[in-house]
Structure formats: C-alpha cells, structure tokens
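Read through the structure below, which is laid out as structure tokens, and then see the notes.
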C-alpha cells in the first residue's frame, strides 16, 4: 500500500487512504472491481458468514464499496487513466448517515445516563455518577473506533486482494 497525494492542480483531486498504479486500462480496473463486489453470500449452514462480503456500485470512473454487514466505513474511489495504465485512489470515510446515527446514539446515551442518575431518592447528579457516565462514553467510543479500524483494515485488504494479480507501474 502506498499513500500518495493527488498532483497539484488535479481537476478531480481528492485526499485518499489507499492508492495503486496498475498496468491495465481504467475500464479494466473498473471491471475488476465490478467482478469483486456484489457477489452471492457465502454462508456455512446458510447462516454463519464465512468471509467478508463486499457490496457497492460503480458509476463512470468512480465506485463506492463497503462490507455487507459492516456498513459504517465506505470506500469511495476513482480510477484515472495514466501513461501505461491506471491509478486507483480510494478514500475510506464515514457516510453522512453513519455520522448522524452515531451522534444520535451518543445523545440518547447522555439522556439515559442523566435519567438513571436522577432517579429517586437523590435527584441531583453526583461527581461519581458523572465519572461513571464519562467512563461508559469513553468505552463506547473505544468500541466504535475499534470497529471502524477493523472495517478500514478489511476494506484495504479487499482492495489489495482485488488488484493483487495486476502488474504494478
């Protein structure tokens, strides 16, 4: 994996988290991506997921991918032609709805923690209760961050595997 920035003055430049320069035409790179996503589910006993399943869509020279059951992190990419092949750039990001849902989840957490802390017989919130609520929020943040890091790693691994057999430039 190489982390490079778009050239200065690039018309469609975007910051990216993963990129590769490959020796196939942009159409071939998009076809390779299309063949790797939206595959039928592979399940053991029809229930247990045996491997990560990636889904997404492709439009013109762009694509968006995510893991079927880990929708928090999406990879938005663009394929550009260059001398001798293509450059694939992917930005791993949180979609807007994921950000809204996480913010809503934490707002509900604050309301529930305040509701529990103000139960009778004591209606005021003590410093200990605030500390416990903050520790709980920190734990939830760590769980969400670990899940997002795992999803990013899975997306990078998927991208590497998708283009592993293509000669590099």
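Residue numbers (our numbering): 47 to 215. All C-beta atoms, glycine included, are put in the ideal place defined by N, C-alpha and C.
- Message: Between the alpha carbons of residue 176 and residue 151, how many angstroms are there, rounded?
- Response: Taking the CA atoms as reference points, residue 176 sits about 18 Å from residue 151.
- Indicate the three-state DSSP secondary structure (helix, strand or coil) for residue 48 in the structure shown. Here residue 48 scores only 45 on pLDDT, less than 50, and its place in the model is too uncertain to base an answer on.
- Query: Mind checking whether residue 99 and residue 122 have CB atoms under 8 Å apart?
  - Reply: No. Outside cutoff.
- Task: Could you check the C-alpha separation between residue 58 and residue 105 for me, to the nearest Å?
- Result: Model confidence at residue 58 stands at a pLDDT of 49, short of 50, so the residue's coordinates are unreliable and nothing is read from them.
- Task: Report the rounded CA-to-CA distance for residue 198 versus residue 157, giving the unit in angstroms.
- Result: Cα-Cα distance, rounded: 31 Å.
- Query: Roughly how many angstroms lie between the CA atoms of residue 172 and residue 163, to the nearest whole one?
  - Reply: Between residue 172 and residue 163, the C-alpha separation is close to 8 Å.
- Query: For residue 214 versus residue 124, is the C-beta distance shorter than 8 Å?
  - Reply: With respect to residue 124, residue 214 sits apart: the two C-beta atoms are not nearer than 8 Å.
- Close-in-space but distant-in-sequence residues of the same chain around residue 212 (CB under 6 Å, 5 per side omitted): In its chain, beyond the 5 residues on either side, 68, 70 have a beta carbon closer than 6 Å to the beta carbon of residue 212.
- Task: Can you give me the start and stop residues for the beta strand (DSSP E) that residue 110 sits inside?
- Result: If you look at residue 110, you'll find it in the beta strand (DSSP E) that goes 108 to 113.
- Task: Report yes or no: do the region 126 to 133 and the region 201 to 208 share at least 3 C-beta pairs separated by less than 8 Å?
- Result: No, they do not touch.
- Query: Which residue comes first and which comes last in the beta strand (DSSP E) that contains residue 118?
  - Reply: Going by DSSP, residue 118 is part of the beta strand (DSSP E) stretching over 116 to 128.
- Rounded C-beta distance between residue 109 and residue 139? I'm assuming under 8 Å. Contact check for residue 109 and residue 139: beta-carbon distance about 13 Å, past the 8 Å limit, so the pair fails to qualify.
- Look up residue 198 in the DSSP assignment and say whether it is helix, strand or coil. Here DSSP, grouped into helix, strand and coil, assigns residue 198 to helix.
- Query: Mind pulling the alpha helix (DSSP H) runs of 4 or more residues that sit fully within the region 144 to 215?
  - Reply: Under the rule that a run must span 4 or more residues, the alpha helix (DSSP H) segments found entirely inside the region 144 to 215 read 173 to 208.
- Report back the beta-carbon spacing between residue 89 and residue 101 to the nearest angstrom; my notes put them in contact at under 8 Å. Not confirmed; about 15 Å, so no contact.
- Applying the criterion that 16 or more other CB atoms from any shown protein chain within 10 Å of the CB defines a buried residue, is residue 195 buried or exposed? By the neighbour-count definition (other C-beta atoms within 10 Å, threshold 16), residue 195 is an exposed residue.
- Task: Give the C-beta separation of residue 62 and residue 142 to the nearest angstrom, bearing in mind that I take them to be a contact with Cβ-Cβ under 8 Å.
- Result: About 19 Å; that fails the 8 Å criterion.
- residue 95 versus residue 153: straight-line alpha-carbon distance, rounded: Residue 95 and residue 153: Cα-Cα distance of roughly 32 Å.
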